[in-house]
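Residue numbers (this note's numbering), protein chains in the order written: chain H, 18 to 149; chain Y, 18 to 149.
These notes concern the structure reproduced below.
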DNA sequence: CTGAATTTGTACGTATGTATC
DNA sequence: CGATACATACGTACAAATTCA
């Protein structure tokens, strides 16, 4: 419900964290829609603009997408690398995880781009070479 | 100075673009400080909060860093420059910073892609899954 | 050391526009 | 058309960090 008044961090960060935990923890699943901005503002006891700030952060992290007139949806993203503790997680693993996530995103972008290109010039003789 | 009133894009995006051009075009060099928020608001003829919104975007793109009480600085091009004393800037941090910048760029590309898709193919949200 | 001035950061409130249903 | 929800913009107030007289 409300925020931790003893938490020195700003409200919008606390809200962003809470929602991020809700997403990563399965409370909100991919494709689900989040409660409306007004509803979230009511729940946390803060102003709608502050909720919006929190949502902007999650958006910039790629966790959610918002559709005007509809709602805010949890983004359908590849399962984030499991967060193991520092004992076993080497920097190498963390970097490789990021790189793999980036390549996965790039493949998705390339697919969407290819579909668009086919619409614009429907007769592409050669398929563009893509390293996979 | 002012904004293009014929440009349909929101003011904060136009300002972000203008400043981004200023940075990439050498108008503001790495290490330089940008004009203060109030000054930018005056120049563009918009509210300070709107300037802040634009700066938040550039910040999330890794182009600038802001220091409370001081100013907003241009960051680009592998010169972490000031205050590396504490050796907090390890190679790992540098690599992860680059990765985050790459993901920020990709999100921007995804946004442009989404806009194109909506033009070609109206009404196809990413995950229009109806809630239960 | 104090304190004012400047600048960024956070939060609230309101109004209006736009998209969807 | 009306209700709902997200998007943009403006304005205000105060907090926090920095600088400098």
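By construction, the Cβ of each residue, glycine as well, lies at the ideal position given by its N, Cα and C atoms.
Under the three-state reduction of DSSP output, residue 40 of chain Y falls in the helix class. CA-CA distance, residue 48 of chain H to residue 40 of chain H, rounds to 11 Å.
Residue 85 of chain H sits in coil when the DSSP states are folded into three classes, being neither helix nor strand. The C-beta of residue 71 of chain H has 16 or more other C-beta atoms within 10 Å across all chains shown, which makes the residue buried.
The count of Cβ pairs closer than 8 Å, one atom from the stretch 79-88 of chain H and one from the stretch 85-92 of chain Y, stays below three, leaving the stretches out of contact.
The distance from the Cβ of residue 79 of chain H to that of residue 69 of chain H is about 17 Å, inconsistent with a contact at the 8 Å cut-off. Cβ-Cβ separation between residue 33 of chain H and residue 63 of chain H: approximately 12 Å, too far for a contact (criterion under 8 Å). Taking all protein chains in view, the Cβ of residue 36 of chain H is crowded by 16 or more other Cβ atoms within 10 Å, so the residue is classified as buried. Beta-carbon to beta-carbon, residue 45 of chain Y and residue 20 of chain Y are separated by about 19 Å, too far to satisfy the 8 Å threshold.
For the 8 Å CB-CB criterion, residue 119 of chain Y and residue 119 of chain H form a contact. Setting aside the 5 residues that flank it on each side, residue 50 of chain H is surrounded in the same chain by 88, 89, 90, each with a C-beta closer than 7 Å to its C-beta; the list follows chain order.
With fewer than 16 other CB atoms across the displayed protein chains lying within 10 angstroms of its CB, residue 30 of chain H is exposed. Taking C-alpha positions only, residue 58 of chain Y is separated from residue 25 of chain H by approximately 30 Å.
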